[in-house]
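Visitor: Sharing a structure, written as structure tokens. Questions coming.
In my numbering, the protein residues as written are 1 to 459.
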């Protein structure tokens, strides 16, 4: 009968128990311990293998026991994406007769996840605070004597890649905006909180050495209004964009220079007929008919670009030494907006273009990193559709303003970012229906300082 080496058996047993108790340890660390014991001759190869199998079994049973989230066997991966933003916001208005200075406190809560079924299908869902009638903001203002605040469906989509093809993705439902924009402090065309509804297609092709360059095409077909008694007047928004993403340098994962350039065409169908403007506020900016509906359908040419340089490998005061320069241009070529035929006023016609430039240094993604940015933005009244334009541009967002944006951010922790943004803007035109839709008299001046201090927590 073979003699039992109790010392080695005890060592293997203790090792297995320790590995089981330390379920938070990674598998590679556990294997390293067993390899060391085997190398020193404390345990044999068979005993090490037995300990590994025992540990793997116990770990799997522990996951099943303590996992309170039961998922279908067909779900390969589930990623949570949650954040809470606390904001202090101050407005300093030039025109004290119509709009006084204001201080308010707001929060934004978003709770969501993305589930991966297979390599070719994912689904996403997110709830967010804010008003159901506002497509460009998920903020909730602290007011109204502690009343309960609403929460809305912000995302509900599925993305598939037909035939498991990596070069095409088709998304349907309520989704993140598939159209690419530079990382502006104040975007030109779409507010970053806009989550459109409909169908979108995204096509990508890899090119060049190491497949470091990418050609892309984004196309979207979105519903903006549905008329129950007539399909002929349903409102739609379409956008098509093509561009290139180029990387230069030896390491394509950390390129010395990255340039992304794109151009596209944004247009609407029956936006003027529906007479249902989202967030129908008298201060958004576009020209309107006497009944309040849009003057005409939009036809906007847009071009955008962003170039990032890694100035050196070593960080600067704890942040990556990356300088990013970006810009964009928009032009509404719809003739009705140039002549204002049928509008509520003929003052200052042809307010149909906009542009923006920005310089940014650093990156605020990891603990101790920081970022600063400066942007100049010029956006005329009818250059873009005000219902989906940046909600922070001006008093309540929209168009018909020009000015400066100064922004800074610092990551106290990877999950906690402190930021401050100042908008220093003024009205471009004196048109009454841009900045005050239903006011008969022309508006002048209206310089505005808007300051936001944000604490963002990710969990």
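Just so you know, even glycine gets a beta-carbon here, dropped at the ideal spot from N, CA and C.
Only a predicted model underlies this, so the values are computations on that prediction, with no experimental measurement involved.
(1) Keeping to the same chain, check which residues put their C-beta closer than 6 Å to that of residue 92; ignore five residues upstream and five downstream.
(2) Would you grab the beta carbon distance between residue 310 and residue 325 for me? Rounded to a whole angstrom, and I think it's under 8 Å.
(3) Quick check on DSSP: helix, strand or coil for residue 375?
(4) Taking only the alpha-carbon atoms, compute the straight-line gap between residue 266 and residue 57 and give it to the nearest angstrom.
(5) For residue 434, is the classification buried or exposed, using 16 other Cβ atoms within 10 angstroms of its Cβ as the cut-off for buried?
(6) Give the DSSP-derived three-state secondary structure of residue 456 in the structure shown.
(7) Taking 7 Å as the cut-off, is the C-beta of residue 124 nearer than that to any heavy atom in the ligand NAD?
(8) Report the rounded CA-to-CA distance for residue 147 versus residue 431, giving the unit in angstroms.
(9) At the level of alpha carbons, what is the spacing between residue 45 and residue 78?
(10) Do residue 188 and residue 154 have their CB atoms nearer than 8 Å?
(11) For the stretch 247 to 254 and the stretch 229 to 238, state whether three or more C-beta atom pairs, one from each stretch, are separated by less than 8 Å.
(12) May I ask which residues mark the beginning and end of the alpha helix (DSSP H) holding residue 339?
(13) Hey, how far is the Cα of residue 238 from the Cα of residue 316?
(14) Would you mind sorting residue 191 into buried or exposed? The rule is 16 or more other CB atoms within 10 Å of its CB.
(15) Which word fits residue 133, buried or exposed, when buried means at least 16 other C-beta atoms lie within 10 angstroms of its C-beta?
(16) Quick one: what does DSSP say residue 188 is sitting in, helix, strand or coil?
(17) Out of 319, 378 and 369, state which residue places its alpha-carbon closest to the alpha-carbon of residue 331.
(18) Could you check the C-alpha separation between residue 402 and residue 74 for me, to the nearest Å?
(19) Nearest CA to the CA of residue 120: which residue from 103, 168 and 109?
(20) Residue 385: buried (16+ other C-beta within 10 angstroms of its C-beta) or exposed?
(21) Measure the beta-carbon distance from residue 375 to residue 405 and round it to whole angstroms, keeping in mind my assumption that it falls under 8 Å.
(22) Which stretch, first to last residue, makes up the beta strand (DSSP E) that contains residue 147?
(23) If you draw a straight line from the C-alpha of residue 365 to the C-alpha of residue 296, how long is it?
(24) What do you get for residue 211, buried or exposed, if any count of 16 or more other CB atoms within 10 angstroms of its CB means buried?
(25) I need the boundaries of the beta strand (DSSP E) containing residue 41, first residue and last residue.
(26) Note down, one range per segment and in chain order, each alpha helix (DSSP H) of at least 4 residues found wholly within the stretch 286 to 327.
(27) Between 84, 286 and 390, which lies nearest to residue 352 when the distance is taken from Cα to Cα?
(28) Once the 5 residues before and after residue 103 are set aside, which same chain residues still bring their CB inside 7 Å of it?
(29) Taking the alpha-carbon positions, what's the residue 263 to residue 307 distance?
(30) What are the start and end residues of the beta strand (DSSP E) that includes residue 258?
(31) Using only the alpha-carbon positions, how far apart do residue 227 and residue 236 sit?
(32) Residue 210 by DSSP, collapsed to three states: which one?
(33) Here's the rule I'm using: 16 or more other beta-carbon atoms within 10 Å means buried, otherwise exposed. How should residue 427 be labelled?
Guide: Checking against the coordinates, here is how it stands:
(1) As a position in the chain shown, residue 92 is number 92, starting the count at 1. For residue 92, where only same-chain residues beyond five positions count, the Cβ hits under 6 Å are 101 and 449.
(2) Position 310 of the chain shown, counted from the first residue, corresponds to residue 310. Position 325 of the chain shown, counted from the first residue, corresponds to residue 325. Between residue 310 and residue 325 a beta carbon distance of about 13 Å is seen, past the 8 Å cut, so the two are scored as non-contacting.
(3) On the chain shown, residue 375 is found 375 positions in, with the first residue counted as 1. Here residue 375 carries a strand assignment [DSSP, helix/strand/coil].
(4) Taking the chain shown and counting its residues from 1, the one referred to as residue 266 is at position 266. Taking the chain shown and counting its residues from 1, the one referred to as residue 57 is at position 57. Whole-angstrom Cα-Cα distance: 56 Å.
(5) Here the question's residue 434 lines up with position 434 in the chain shown. Here the model assigns residue 434 a pLDDT of 47, short of 50, so the residue's position is not dependable and the matter cannot be decided.
(6) Indexing the chain shown from 1 puts residue 456 at position 456. Strand at residue 456.
(7) Annotation note on the ligand NAD: not contained in the displayed structure, which lists no ligands.
(8) For the purposes of this step, residue 147 is taken as the residue at position 147 of the chain shown. For the purposes of this step, residue 431 is taken as the residue at position 431 of the chain shown. Those two C-alpha atoms are separated by around 38 Å.
(9) Your numbering for residue 45 matches position 45 in the chain shown. Your numbering for residue 78 matches position 78 in the chain shown. When only Cα atoms are considered, residue 45 and residue 78 end up about 36 Å apart.
(10) Within the chain shown, residue 188 is the residue found at index 188, counting from 1. Within the chain shown, residue 154 is the residue found at index 154, counting from 1. Cβ distance not < 8 Å, so residue 188 and residue 154 don't count as in contact.
(11) In short, these stretches do not touch, since the Cβ pair count stays below three.
(12) The residue labelled residue 339 in the question sits at position 339 within the chain shown. Residue 339 -> alpha helix (DSSP H) spans 335 to 339.
(13) The residue labelled residue 238 in the question sits at position 238 within the chain shown. The residue labelled residue 316 in the question sits at position 316 within the chain shown. Distance from the CA of residue 238 to the CA of residue 316, rounded to the nearest whole angstrom, comes to 43 Å.
(14) Looking up residue 191 in the chain shown gives position 191. That one is buried.
(15) Translated into positions along the chain shown, residue 133 becomes position 133. With a 10 Å radius around the Cβ and a threshold of 16 neighbouring Cβ atoms, residue 133 comes out exposed.
(16) Numbered from 1 along the chain shown, position 188 holds the residue referred to as residue 188. The DSSP-derived three-state label of residue 188 is coil.
(17) Here residue 331 corresponds to residue number 331 of the chain shown, with the count starting at 1. When only C-alpha atoms are compared, the closest one is 378.
(18) For the purposes of this step, residue 402 is taken as residue 402 along the chain shown, with counting starting at 1. For the purposes of this step, residue 74 is taken as residue 74 along the chain shown, with counting starting at 1. Taking the CA atoms as reference points, residue 402 sits about 51 Å from residue 74.
(19) Along the chain shown, one-based indexing puts residue 120 at 120. When only C-alpha atoms are compared, the closest one is 168.
(20) On the chain shown, position 385 is the one that residue 385 refers to. Buried, by the Cβ-count rule.
(21) Translated into the one-based positions of the chain shown, residue 375 becomes position 375. Translated into the one-based positions of the chain shown, residue 405 becomes position 405. Contact holds; Cβ gap of about 4 Å.
(22) Within the chain shown, residue 147 is the residue found at index 147, counting from 1. Note, residue 147: premise wrong, no beta strand (DSSP E); not H, not E.
(23) Walking along the chain shown from the start, residue 365 turns up at place 365. Walking along the chain shown from the start, residue 296 turns up at place 296. Linking residue 365 to residue 296 through their CA atoms gives a straight-line distance of about 42 Å.
(24) Sequence index remark: in the chain shown, residue 211 carries index 211 (1-based). Its Cβ having fewer than 16 others within 10 Å, residue 211 is exposed.
(25) Stepping through the chain shown from its first residue, residue 41 is reached at position 41. Segment: none, residue 41 is in no beta strand (DSSP E) and carries neither H nor E.
(26) Positions of the alpha helix (DSSP H) runs, each at least 4 residues long and wholly inside the stretch 286 to 327, cannot be given because no such run exists.
(27) The count along the chain shown starts at 1 and reaches residue 352 at position 352. Distance check between residue 352 and each of 84, 286 and 390 places 286 closest, using alpha-carbon atoms only.
(28) Reading the chain shown from its first residue, position 103 is the one you call residue 103. For residue 103, where only same-chain residues beyond five positions count, the Cβ hits under 7 Å are 90.
(29) The residue labelled residue 263 in the question sits at position 263 within the chain shown. The residue labelled residue 307 in the question sits at position 307 within the chain shown. Each residue's Cα considered, the two are about 15 Å apart.
(30) Reading the chain shown from its first residue, position 258 is the one you call residue 258. Residue 258 -> beta strand (DSSP E) spans 257 to 269.
(31) By 1-based counting over the chain shown, the position of residue 227 is 227. By 1-based counting over the chain shown, the position of residue 236 is 236. Taking the straight line joining both Cα atoms gives about 11 Å.
(32) Within the chain shown, residue 210 is the residue found at index 210, counting from 1. Three-state DSSP puts residue 210 in a helix.
(33) Translated into the one-based positions of the chain shown, residue 427 becomes position 427. Buried is the label assigned to residue 427, since at least 16 other Cβ atoms lie within 10 Å of its Cβ.
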